[in-house]
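Sequential numbering of the sequence shown, starting at 61, is according to our numbering. C-beta: ideal position from N, C-alpha, C; glycine also. This one's a predicted model, so the numbers in the text were calculated from it and none came from an experiment.
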Amino acid sequence: MREDRDPAQLGERPVPLRLHVVDACRMIELVLVRLADEIAARDAHDPADWHNGRPEDRTAPVAAGWLLTRIGDGPCCPTHDTDRARIAERAREAAARIDRVLGTGRMSRVLAGMPCPWCAGDLVIHTEAGTVMSVTCATGLIDCSAPVPFDIDRRARVWASVEQLAALQRAIEAAERKRSEAERRARRTEDRRRQRAAAKDRAAA
61 MREDRDPAQL GERPVPLRLH VVDACRMIEL VLVRLADEIA ARDAHDPADW
111 HNGRPEDRTA PVAAGWLLTR IGDGPCCPTH DTDRARIAER AREAAARIDR
161 VLGTGRMSRV LAGMPCPWCA GDLVIHTEAG TVMSVTCATG LIDCSAPVPF
211 DIDRRARVWA SVEQLAALQR AIEAAERKRS EAERRARRTE DRRRQRAAAK
261 DRAAA
């Protein structure tokens, strides 16, 4: 591209590469290919059968597809549970790496300093690509009386709809105001107690 070319002009121009994305893809490919090599070398009649002996097929998609068949119930599945565990672990790691690089990952974290307004348990916020998907309280069905459904699979009270999340935000803010007011009253009570004690000491002197 000419140096005096306006980038806004139509026509071909270099596509900017996100090098960190390229690096992540390459790392994922290396991990999957290495795992396929290791499992094939131990279990397969032909260690090169997963890529049909073609060097150009030693890619992440081909390795992932072959590893997926090893998890299945077919006759070629691995005989060792450790292989299944390794394949599952590498798949989770690859997905997590992609999520981190592309910013589309799912994240969960405790809302520090914002306990559940109904049971004072930890609230956990779950986001995906920066968007709040749900908030959960895992205190339990009996111990938490929050007015939202209890998800049996997640074993938690769940706020998921826009209305539920908005109501939770209002409840958290109201609980915070209540706690702040209680703390102010407690400080005033303590200050008065100290003042009375000081006055009593002066009178006794």
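Tell me which residues share the same chain as A96 and place their Cβ nearer than 7 Å to its Cβ, disregarding the 5 neighbours each side in the sequence. The residues are W110, A123, W126, L127.
Looking at C-alpha atoms only, which residue of R152, V93, I202, R237 is the closest neighbour of R118? Out of R152, V93, I202, R237, the CA that lies nearest to the CA of R118 is found in V93.
If you draw a straight line from the alpha carbon of G71 to that of R86, how long is it in whole angstroms? Here G71 scores only 42 on pLDDT, less than 50, and its place in the model is too uncertain to base an answer on.
Run through the DSSP bridge pairs and tell me what M167 is partnered with. BP columns for M167 point to T187.
Below 8 Å, can you find three or more Cβ-Cβ pairs linking the stretch 177-185 to the stretch 222-238? Flag = yes, the stretch 177-185 and the stretch 222-238 touch.
Just to confirm, are R150 and V81 a CB contact at a threshold of 9 Å? Against a cut-off of 9 Å, the Cβ pair of V81 and R150 comes out as no contact.
Just mark L183 as buried or exposed, buried being the case when its beta carbon has 16 or more other beta carbons within 10 Å. Label assigned to L183: buried.
Mind checking who A216 pairs with in its DSSP beta bridge? BP columns for A216 point to D211.
The alpha helix (DSSP H) with L228 in it runs from where to where? Residues 222-264.
Would H186 pass as a contact of R160 if the rule is Cβ separation under 9 Å? At least 9 Å separates the beta-carbon of H186 from that of R160.
Residue range of the unbroken alpha helix (DSSP H) whose run includes I158: Bounds of the alpha helix (DSSP H) holding I158 are 141-162.
Under 9 Å between the Cβ atoms of T199 and G181? A contact, by the Cβ cut-off of 9 Å.
Can you give the Cα-Cα distance for P207 and R169, rounded to whole angstroms? Rounded to the nearest whole angstrom, the C-alpha separation of P207 and R169 is 22 Å.
Have a look at A257 and R244 and give me their C-alpha separation to the nearest angstrom. Cα-Cα distance, rounded: 20 Å.
Rounded to whole angstroms, what is the Cα-Cα separation between D251 and I202? Near 39 Å, if we compare the C-alpha coordinates of I202 and D251.
Assuming G125 is part of the alpha helix (DSSP H), what are its boundary residues? First-last of the alpha helix (DSSP H) with G125: 120-131.
Applying the 10 Å Cβ sphere with the 16-neighbour rule, what's the burial state of V218? V218 should be labelled buried.
Output needed for A3: all residues of its chain with C-beta closer than 6 Å, excluding positions within five of it in sequence on either side, in chain order. Residue 3 lies beyond the residue range present for the chain, which begins at 61 and ends at 265; the question has no answer from this structure.
Go ahead and pull the three-state DSSP assignment for M193. Under the three-state reduction of DSSP output, M193 falls in the strand class.
Tell me the rounded alpha-carbon separation between G113 and I147. If I take the Cα positions, the gap works out to 22 Å.
Skipping 5 residues on each side, what residues in its chain have a beta carbon closer than 7 Å to that of S194? Cβ neighbours of S194 beyond the five flanking positions: H186, V218, W219, A220.
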